[in-house]
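Enquirer: Dropping a structure here in structure tokens format, bear with me for questions.
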Amino acid sequence: MDERKETTQKPAADTPCLAPGSGRDIEAELQPPVDQVDLVVIGGGPAGLAAAVSAWDAGCRSLLIIERDDRLGGILNQCIHNGFGIFRFNEELTGPEYASRYIEEVKRRGIPYLCSTMALELTQDKRVIVVSPKIGLKQIQAGAVILAMGCRERPRGALGIPGTRCAGIMTTGTAQRLSNLEGYMPGRRIVILGSGDIGLIMARRMTFEGAQVLACLEIMPYSSGLTRNVVQCLQDFDIPLMLNHTVIDIHGKERLEGVTIAGVNPDTRAVLPETARRIDCDTLLLSVGLIPENELSRQAGVTLADSTRGPVVDQYLATEIPGIYACGNVLHVHDLVDEVSAESHRAGQAAVRWLEAEKKGLITRAVLKHHAVPVIEGKGVRGVVPQFIEIGQPDAGLDVKDKWRVGFRTDGVYKGGAVVVKADQKQILRQKKLIMTPGEMVLLDLDPAKLADDALKALTIEIEGEAEHG
Amino acid sequence: MNQITNEPLDRQADKTGQDKPPLLYDACIIGGGVIGCSIAQALSRYDMRIVLLEKNTDVSEGTTKANSAIIHAGYDAKPGSEKARTNVRGNRMFEAWCRELHVPFKRNTSLVLAFSEDGIKGLAELKKRGEANGVEGLHLLDRSQLQQREPHVSPAAHAALLAESGGICCPYQLTIALASQAVQNGLDLKLSCRAGRIRRHQGVFEIETSKGVVRSKVLINAAGVYADEINNQLSTYTFKITPRRGEYWLLDKSASDVFKATLFQLPTAMGKGILVSPTVDGTLILGPTAEDVTDKEDVRTTQEKLVEILDTASMSWAEIPRHQFITAFSGLRAHADSNDFILGFSPDVPGLINAAGIESPGLTSAPAIGQELAEMAAGFVQAGKKNSYQPAYQPAVPFREMSHQQRHQAILKNPQVGRIVCRCEQVSEAEIRDAISRPVGAATLDGIKRRTRAGMGRCQGGFCTPKVISLLSDELQVSPLALTKAGGRSQILTGRIGQIDLDHKENTHHG
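Written as structure tokens, this is what we have:
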């Protein structure tokens, strides 16, 4: 699918720059100097596409999507397996199919986008500097910005796995791109370190293509992927999932020849040397964590949270810099693209409401942080988003009647536990859960009516019950 | 390998199939590290036929690519040693040398930290030694002066010795630039060409290589950790080179502005200490350890030493941000048993010139060693300087170093400048294509990395590897399946999707 070919035939010469309505790739039309755009969406993956669509539907007609790859769709383009869209579209789609649904929505509305274009800089006053082969370097002054840059994979170097630095070691996402988009096999005898969803998916994919996947190792006592992926990608193919195991050495001077694996103590994660053994393999694929790509956010001065490594936001996905919003995996790493889309729709709407309020002169600093209530990660809770609930914005018209969605992960496996939300000391929500694992984000919808309390100081989310191991 | 006979080697081993005897070179350099390439660059100014043999697929693949990249002031080496002399001389030459070669250099200064009252005495001794070596710009700093210069230094540091002339550079870019300039001026660079048996026959060195026999009047031994094997075949004045492994951690650019200077630790009974230094690329380096190994290719990292680096470095920098690590690596120093550089003519083999045992401060000494040994070699064959000399190849300014205006103009001229392949280091397609097609161009993923930094950033090639593979394939007109990380059998890909490897399937069993 090449949306550029299809669309570059359309633009009329008399269409003003960035004018809506033509559904096109506008790179050939943009000329220096600075353009003014109400809303710039950085990233044309699932988050950026959904945010742009909903911003349009909320009335914004001056917006632009910036995408650094040659096509829209982001990482979905290389996710050729199915399982996307069960919640969003009530059907099982592949990644490219899911992306194409949104790309069609973008085109139908005529939302302008720039592919092969990288955002180099973002300033606090929302100036975006972009670069692309056809338009050169360009400055865009945005009224509001939505950060939708996604995430990257943690490399071997960040883990400090000792050993040689031979060929045959790569992240699972790189292997996925090489196999699914370029058509090459990264190896024949494969060990996968980390049981994140991409690792699990690639275990199956490589098996389909004739490789032997010898094991999937996970240092934690539980898989960090979805249960459905553990079943469908490992168990169905008799690939062993070795929990409480890791790679402690890498062998091979030119191409990988083997790895030494060892068990770890489930409580301390200290390596148990007596369990060390070598597995001969020619490939080590790493699925050891995703890191939100927040270099631009940092440049703009957006505060990042330690537990998510994404921006600190309120329930409207607003960062602490007025007019800068964040959604998708740049904010926190999601399990399902359906949830990325849902979150990004909220961000798109919120950004447009903010733009309207600002145009009416309703936005002042005092209004913005009128009453930000922190959401505290209590017992068993990690990576909560949003980190703040903004209660005091009715004057600016920024509040909505919708429920406020809160997402987080647990710090272990909890069976038969419950999630409890407290407004200060008062319990306002208690939900029993059959099972909660760190691999599946817990989502809660809070009722704004129950939180409209000017005296409220903090919300706390905690888990009732005990975490179990292995 | 063939048995040695009385026949000249070229008759038996030259596989070129041509009737004429192989070219007789005036000088043959073994080793394409910074020392070999420095000598080659200096020699290429003379009217001589020179050849350089490098066993790897690229220059700078050995010790040169994996060291601290520090241009030492020269206070460390023993007065009167070759190390001290060439260090101080090399340091003075370095800045102009890098400018001429269009490679980065920064005089960021060095600080030696003392962590006790006793240490302050040690700093004074170091200062005295430096002055005996002819080092200028040495000053003792007290704690407050130190804190003022480097606010993030650990409060445990009592005092420091400031060396104004300390600097940092990029050893592999430097070496690639040296090799290119030498090639532009006539050097015959033979890569993937391992030197084997050598003999001297009727005043000519005959070097068996993996690409046939090379004949030369002068033999220059810059073979790094293998220099003993070269010398000891020919000379009765033998020496031993011990590979001494040093491991390092590298931190992401976001930690780059923590320190301006390179922070050394005053050597104590506990050990030589670990340095913490900015690099010219904006990353931060911690290391090295020192461990003698037996295998001359053993560039592993080890759990034990990686932990040791952090423990020791935390004396200088109390709060090392551990989530900022992007990679760890190790290199081997060529340590001679004499503990000094072995430079110059062999006492018993006419025409054999050694540049051996070049460990720290060898990088700093490289311009001095190159110039001195080139003069010796030219003198031996009585060669004069050439009338004309090609200036060093100047690659386009890297995208990340251009101003916005420069970027815009450059992209309008060449759209490939606007296509960013490596997002972490902002490397454009134009830079990658140039790195392949330039003199001494890249043919491997690692070669691209060292010339452009693509793949050296925080994602370590996660996003750009597939794109770099396709650019290499396009420029070199080879299948992606033939491409390697670093030559040899380091293929990156093992086959095409859809081509199930039947032989492989039969030989394995499902467990």
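Chains as they are written, first to last, in our numbering: chain D, 1 to 470; chain V, 471 to 981.
Heads up, the beta-carbon is just placed ideally off N, CA and C, and yes, glycines get one too.
Treat the numbers as computed from the prediction; the structure is a model and nothing was measured.
Name, in chain order, the residues that DSSP records as bridge partners for T712 of chain V.
Expert: V:H805, per the DSSP bridge assignment.
Enquirer: Based on Cα-Cα distance, which residue from V:A825, V:A547, V:D588, V:R893 lies nearest to I711 of chain V?
Expert: Of the candidates V:A825, V:A547, V:D588, V:R893, the one whose C-alpha sits nearest the C-alpha of I711 of chain V is V:A825.
Enquirer: Given P16 of chain D, which residues of its chain have a CB within under 7 Å of its CB, disregarding the five upstream and five downstream residues?
Expert: Note that P16 of chain D has pLDDT 33, beneath the 50 cutoff, so the model's placement of it is unreliable and the number below is only indicative. There are no such residues.
Enquirer: In this structure, does DSSP put C151 of chain D in helix, strand or coil?
Expert: Here C151 of chain D sits in strand by DSSP.
Enquirer: I want to see whether chain V comes within less than 7 Å of A162 of chain D, judged by CB atoms only; does it?
Expert: In the sequence as presented, Ala is not what sits at residue 162 of chain D; that position holds Pro. Chain V contact via Cβ: present.
Enquirer: Where does Y98 of chain D sit, in a helix, a strand or coil, going by DSSP?
Expert: Note: Y98 of chain D maps to helix in three-state DSSP.
Enquirer: If you draw a straight line from the alpha carbon of L285 of chain D to that of G85 of chain D, how long is it in whole angstroms?
Expert: Computed Cα separation, rounded: 27 Å.
Enquirer: Taking buried to mean at least 16 other C-beta atoms within 10 Å of its own C-beta, is A347 of chain D buried or exposed?
Expert: Buried, since its Cβ has 16 or more Cβ neighbours within 10 Å.
Enquirer: Going by CA-CA distance only, name the one from V:V728, V:Q735, V:G544 that's closest to T753 of chain V.
Expert: Residue V:V728 is the option with its Cα nearest to T753 of chain V.
Enquirer: Between T471 of chain D and G932 of chain V, is the Cβ-Cβ spacing less than 7 Å?
Expert: Outside the modelled stretch of chain D, which goes from 1 to 470, sits residue 471 of chain D, for which no answer is possible.
Enquirer: May I have a chain-ordered list of the alpha helix (DSSP H) segments no shorter than 4 residues that lie completely inside the region 291-342 of chain D?
Expert: 295-299, all fully within the region 291-342 of chain D.
Enquirer: What in chain D is Cβ-close to V769 of chain V, meaning under 8 Å?
Expert: Those within 8 Å of V769 of chain V in chain D are T164, R165.
Enquirer: Exposed or buried, which one is K485 of chain V when buried takes at least 16 other CB atoms within 10 Å?
Expert: Model confidence at K485 of chain V stands at a pLDDT of 43, short of 50, so the residue's coordinates are unreliable and nothing is read from them.
Enquirer: Beta carbons nearer than 7 Å to chain D: which residues of the region 785-805 of chain V have them?
Expert: The region 785-805 of chain V vs chain D, Cβ under 7 Å: F795, I796, T797, A798, F799.
Enquirer: By the 10 Å Cβ neighbour count, where 16 or more other Cβ atoms means buried, how is H609 of chain V classified, buried or exposed?
Expert: The residue in question, H609 of chain V, is exposed, as its Cβ has fewer than 16 Cβ neighbours within 10 Å.
Enquirer: Express the C-alpha separation of G44 of chain D and L444 of chain D in angstroms, rounding to a whole number.
Expert: Their Cα atoms are separated by approximately 27 Å.
Enquirer: Less than 7 Å separating the beta-carbons of V247 of chain D and V259 of chain D?
Expert: The answer is yes: Cβ separation under 7 Å.
Enquirer: Please give me, in chain order, every unbroken run of the beta strand (DSSP E) with length at least 3 that falls completely inside the region 396-437 of chain D.
Expert: Runs of the beta strand (DSSP E) inside the region 396-437 of chain D: 404-410, 413-423, 426-436.
Enquirer: Do M149 of chain D and V337 of chain D have their beta-carbon atoms positioned less than 7 Å apart in this structure?
Expert: Cβ atoms of V337 of chain D and M149 of chain D: not closer than 7 Å.
Enquirer: Who does K138 of chain D pair with in a DSSP beta bridge?
Expert: According to DSSP, K138 of chain D bridges with D:V130.
Enquirer: Mind checking which residues open and close the alpha helix (DSSP H) that includes R877 of chain V?
Expert: Run containing R877 of chain V: 874-883, per the alpha helix (DSSP H) assignment.
Enquirer: Quick check on this structure: which residue in V:T533, V:Y859, V:Q841 has the alpha carbon closest to the alpha carbon of D440 of chain V?
Expert: Residue numbering for chain V in the displayed model covers 471 to 981; residue 440 of chain V lies beyond these limits and cannot be assessed.
Enquirer: Counting only beta-carbon atoms, is S179 of chain D nearer than 7 Å to chain V?
Expert: Chain V, which has a Cβ nearer than 7 Å to the Cβ of S179 of chain D, makes this yes.
Enquirer: Chain V partners of E153 of chain D, CB-CB under 8 Å?
Expert: Neighbours of E153 of chain D on chain V, chain order: C929, G932.
Enquirer: Going along chain D in order, which residues have a C-beta closer than 7 Å to the C-beta of K742 of chain V?
Expert: Within chain D, no residue comes near K742 of chain V; the closest Cβ sits about 21 Å away, beyond 7 Å.
Enquirer: On the criterion of 16 or more Cβ atoms from any shown chain inside 10 Å, does T227 of chain D qualify as buried, or is it exposed?
Expert: T227 of chain D should be labelled exposed.
Enquirer: Specify the secondary structure class of H793 of chain V as computed by DSSP and reduced to three states.
Expert: Three-state DSSP puts H793 of chain V in a helix.
Enquirer: Hey, is V573 of chain V close to the ligand SAH, as in C-beta under 6 Å from one of its heavy atoms?
Expert: Ligands in the displayed structure: none, and consequently the ligand SAH is not present.
Enquirer: Contact between the region 892-912 of chain V and the region 859-868 of chain V is defined here as three or more beta-carbon pairs at a separation below 8 Å; is this criterion met?
Expert: Verdict: yes, contact present.
Enquirer: At what residues does the alpha helix (DSSP H) containing I744 of chain V begin and finish?
Expert: Per DSSP, I744 of chain V belongs to no alpha helix (DSSP H) and is neither H nor E.
Enquirer: The beta strand (DSSP E) spanning A119 of chain D covers which residue range?
Expert: Looking at the DSSP string, the run of the beta strand (DSSP E) that includes A119 of chain D is 118-122.
Enquirer: Mind checking whether T772 of chain V and P162 of chain D have CB atoms under 7 Å apart?
Expert: Their beta carbons are under 7 Å apart, which means T772 of chain V touches P162 of chain D by this criterion.
Enquirer: Could you run through the region 955-967 of chain V and flag, in chain order, every residue whose CB is less than 9 Å away from some CB of chain D?
Expert: Going along the region 955-967 of chain V in chain order, one finds K955, A956, G957, G958, R959, S960, Q961, I962, L963, T964, G965, R966, I967 with a Cβ nearer than 9 Å to chain D.
Enquirer: Whose C-alpha, out of V:M846, V:Q860, V:P909, V:A880, is nearest the C-alpha of L813 of chain V?
Expert: Residue V:M846 is the option with its Cα nearest to L813 of chain V.
Enquirer: Could you check which residue in V:Q511, V:Y516, V:Y495, V:I500 has the C-alpha nearest to that of S858 of chain V?
Expert: Measuring from the Cα of S858 of chain V, the nearest candidate turns out to be V:Y516.
Enquirer: Suppose you measure from the CA of F795 of chain V to the CA of P748 of chain V; what does that come to, to the nearest Å?
Expert: Rounded to the nearest angstrom, the two C-alpha atoms are 14 Å apart.
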